[in-house]
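Written below as structure tokens is the structure these notes are about.
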Amino acid sequence: NAGVMQNPRHLVRRRGQEARLRCSPMKGHSHVYWYRQLPEEGLKFMVYLQKENIIDESGMPKERFSAEFPKEGPSILRIQQVVRGDSAAYFCASSPQNTNNEQFFGPGTRLTVL
Amino acid sequence: GENVEQHPSTLSVQEGDSAVIKCTYSDSASNYFPWYKQELGKRPQLIIDIRSNVGEKKDQRIAVTLNKTAKHFSLHITETQPEDSAVYFCAAASSGYSTLTFGKGTMLLVSP
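Sequence order for the protein chains is A and B.
Going by the working numbering, the first residue of the first sequence is number 469, and it counts up by one from there.
Going by the working numbering, the first residue of the second sequence is number 211, and it counts up by one from there.
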């Protein structure tokens with residue numbers, strides 16, 4: 469049973485470009501969470517999704533950031549018009565349908581904005 | 211919303227000593243408290259968790275205690291080894307609500 473998968477592992481973008489980060493949850497998991505980790509800081513919640521639904525996006529910046537988890541395919545975190553402050557590690561986690569809150573993390577995508 | 215404070219931010223111990231990391235939370239509705247270990251450049255990995263109906267839980271050299279009245283919980287690592295060196299994060303979540311709120315982390319360094 470493969471774990472949570474994320475790609476790309478490293479992403480470099482210039483200011484103003486778009487970044488697309490992908491997350492494939494563990495098999496059988498229907499809940500996906502995105503977190504952002506700045507250097508030497510903790511994990512900050514961004515968004516919580518189930519298939520085709522955004523459950524909680526209270527941690528998402530109001531502009532430029534969006535997320536989806538379609539019926540088929542991975543969850544996507546999209547950052548438009550990236551700025552240097554978006555440079556961070558972005559982790560996704562997944563949990564089973566009958567969640568007991570235990571979340572399994574992917575390896576992360578390290579975004580660098582030049 | 212929930213706020214989780216974690217102390218200390220760094221902790222250095224000698225191999226074989228015990229290490230204790232403490233967290234406090236603000237939302238009395240929180241009832242799930244996991245601890246994650248993150249090695250440099252790696253993903254956070256769950257090492258132990260505790261729910262509010264339990265006061266203590268132990269797994270080999272690792273134990274977690276929870277005081278709901280005081281709203282704090284602690285991670286205890288005994289007989290530390292160099293491979294325990296990592297950043298440890300505590301987190302809290304409310305009943306029926308899956309979002310985790312994390313502390314800022316503790317960098318544990320175990321010297322041989």
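All C-beta atoms in this analysis are idealised placements derived from N, C-alpha and C, irrespective of residue type, glycine included.
Shorter than 9 Å from the beta carbon of residue i to some beta carbon of chain B?
i        : result
Gly576/A : yes
His497/A : no
Tyr558/A : no
Leu486/A : Here the sequence assigns Glu to residue 486/A, which means Leu is not the residue at that position. False, the Cβ-Cβ gap to chain B never drops below 9 Å.
Ser492/A : no
Gln549/A : no
Pull up the distance between the alpha-carbon of residue i and that of residue j, whole angstroms please.
i        : j        : result
Asp208/B : Asp259/B : Given that chain B is displayed from residue 211 to residue 322, the structure contains no residue 208/B and the question cannot be resolved.
Leu479/A : Ala556/A : 10 Å
Ala300/B : Trp245/B : Strictly speaking, residue 300/B in this sequence is Cys, with Ala absent from that position. Roughly 5 Å between the two C-alpha positions.
Glu531/A : Gly510/A : 22 Å
Lys519/A : Ser498/A : 6 Å
Asp227/B : Cys560/A : 34 Å
Gln485/A : Gly211/B : 33 Å
Ser562/A : Ala487/A : 21 Å
Thr577/A : Ser543/A : 13 Å
Val551/A : Val581/A : 6 Å
Using a threshold of 8 Å, is the CB atom of residue i nearer than that to any non-hydrogen atom of the ligand MN?
i        : result
Pro218/B : Ligands are entirely absent from the displayed structure, and the ligand MN is therefore not among its contents.
What does residue i pair with, by DSSP beta-bridge criteria?
i        : result
Glu215/B : Thr234/B
Pro564/A : His497/A
Arg546/A : Arg488/A and Ser534/A
Leu517/A : Val500/A and Ile522/A
Ala470/A : Partner(s): none; Ala470/A has no beta bridge.
Would you say residue i lies against chain A (beta-carbon separation less than 9 Å)?
i        : result
Lys232/B : no
Gln216/B : yes
Phe283/B : no
Gly226/B : no
>> For the segment 522-544 of chain A, list every residue whose C-beta sits within 9 Å of some C-beta in chain B, in sequence order.
In response: Answer set for the segment 522-544 of chain A: Ile523, Asp524, Ser526 and Gly527.
> Quick one, which residues of the segment 506-518 of chain A are near chain B if we go by CB-CB under 7 Å, in chain order?
Replying inline: Glu509, Gly510, Leu511, Phe513 and Tyr516
> Of the residues that make up the segment 247-268 of chain B, which ones have a beta carbon closer than 8 Å to any beta carbon in chain A?
Replying inline: Lys252, Arg253, Pro254, Gln255, Leu256 and Asp259
>> Residues of the segment 289-310 of chain B in Cβ contact with chain A at a cutoff of 7 Å, in chain order, please.
In response: Within the segment 289-310 of chain B, the qualifying residues are Phe299, Ala303, Ser308, Thr309 and Leu310.
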